[in-house]
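J.: Mind looking over this structure? Questions follow.
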Amino acid sequence: MENMFCGLQSISIARISLEHKKFAVVQSNMVRCATNWSIPPKVCTNCWEQFIALKQVEYETKHLDNVTSLDNRTCSQVIYEDYLLSYSYDISEALSSNIWEKSRCHSCLTITWNFTANDSRVEFSNQTLVFQKLFLWRECVVNYTRHIADRNNSICGYCKKYFDDVFSYYWDIYVEPNVEFCVDIETTMNDTFHLWNDVWACAEKKDRKRDTAMVLITMAVLFIITALFYASNYIQGGGQTRIFVRSQRSRLLSSSTSDHDLSVSAYSLLFL
Numbered sequence: 001m002e003n004m005f006c007g008l009q010s011i012s013i014a015r016i017s018l019e020h021k022k023f024a025v026v027q028s029n030m031v032r033c034a035t036n037w038s039i040p041p042k043v044c045t046n047c048w049e050q051f052i053a054l055k056q057v058e059y060e061t062k063h064l065d066n067v068t069s070l071d072n073r074t075c076s077q078v079i080y081e082d083y084l085l086s087y088s089y090d091i092s093e094a095l096s097s098n099i100w101e102k103s104r105c106h107s108c109l110t111i112t113w114n115f116t117a118n119d120s121r122v123e124f125s126n127q128t129l130v131f132q133k134l135f136l137w138r139e140c141v142v143n144y145t146r147h148i149a150d151r152n153n154s155i156c157g158y159c160k161k162y163f164d165d166v167f168s169y170y171w172d173i174y175v176e177p178n179v180e181f182c183v184d185i186e187t188t189m190n191d192t193f194h195l196w197n198d199v200w201a202c203a204e205k206k207d208r209k210r211d212t213a214m215v216l217i218t219m220a221v222l223f224i225i226t227a228l229f230y231a232s233n234y235i236q237g238g239g240q241t242r243i244f245v246r247s248q249r250s251r252l253l254s255s256s257t258s259d260h261d262l263s264v265s266a267y268s269l270l271f272l
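Each residue of the sequence shown is one higher than the one before, starting from 1 at the first, in UniProt numbering.
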């Protein structure tokens, strides 16, 4: 009987050790992938396979109910509850919440989970697929840098069409309320803006001319509005104001004159 218990205990320990090592492998794969795609951060579109594998093994380790230890505790309880800390749980939770969720991966793809059949599937959102136009822009940049002899114009003119396509699509979605991109796309677009505007200064001259024109137009509009405002006030109220002041002045003059006349009359009466 004692040998049987020892055998069962050995089987339980071996099973727990096997599942724990399996869990460690998928966790390390996810960490490696996330680290490799951290500069710039593009975990959603490049590490989804590792994330699915991680969540699948996590599900399996939480449902090891058919194997128990001598104290009738399941393998899942041993892995997650027997000790003060469960590093497996903490690492898995960090990968899920601090990396996957903070990257807003749900905005780029949807995972249909099927843990029982080990058949979870991923579907990329339409905006993610359409945004692959960006690779055409990158190909244009690569072609420009490779074919130095064919540079009849700057990279700004050479790749302008591809940049405009990407920017227009991104901006149309960006301004919509309650719509967001995952960090992968947002980072890619920020890098694109940085190269286009800051490194190559493609938009500098155009934007400067556009900004100057807008400033001149704005100043002209403000001048016209101000002129119309004062003109309307002059026409509607300016004349009446002058008449009002003039009439007041007339009254004052009349009053002064009357007082003078009264003084003269009084003086005459005194000396008559």
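Glycine is no exception: its CB is placed at the ideal position from the N, C-alpha and C atoms.
#1: Please check the pair tyrosine 80 and tyrosine 89, which I expect to be a contact at CB under 8 angstroms, by giving their CB distance rounded to whole angstroms.
#2: Just list the residues that DSSP pairs valine 122 with in beta bridges.
#3: For glutamate 60, I'd like the list of residues in its chain whose CB is within less than 6 angstroms of its CB, leaving aside the five on either flank, ordered along the chain.
#4: Taking the alpha helix (DSSP H) that cysteine 202 falls in, what are its first and last residues?
#5: Are threonine 192 and proline 40 closer than 8 angstroms when you measure CB to CB?
#6: Could you give the residue range of the alpha helix (DSSP H) that holds phenylalanine 131?
#7: For the segment 137 to 176, which segments carrying the alpha helix (DSSP H) assignment without a break, of at least 4 residues, lie completely within its bounds, in sequence order?
#8: Applying the 10 Å Cβ sphere with the 16-neighbour rule, what's the burial state of isoleucine 16?
#9: Within 10 angstroms of its Cβ, does phenylalanine 181 collect 16 or more other Cβ (buried), or is it exposed?
#10: Determine the extent of the alpha helix (DSSP H) in which glutamate 60 is found, giving its start and end residues.
#11: So for serine 86, helix, strand or coil by DSSP?
#12: Under a three-way DSSP split, which group does threonine 74 fall into?
#13: Between the segment 122 to 131 and the segment 96 to 111, do at least 3 Cβ pairs fall closer than 8 angstroms?
T.: With the structure as the only source:
#1: 6 angstroms
#2: Ile111
#3: none
#4: Segment: none, cysteine 202 is in no alpha helix (DSSP H) and carries neither H nor E.
#5: no
#6: Looking at the DSSP string, phenylalanine 131 is not in any alpha helix (DSSP H), and its letter there is neither H nor E.
#7: 155 to 158 and 160 to 174
#8: buried
#9: buried
#10: 48 to 61
#11: coil
#12: strand
#13: yes
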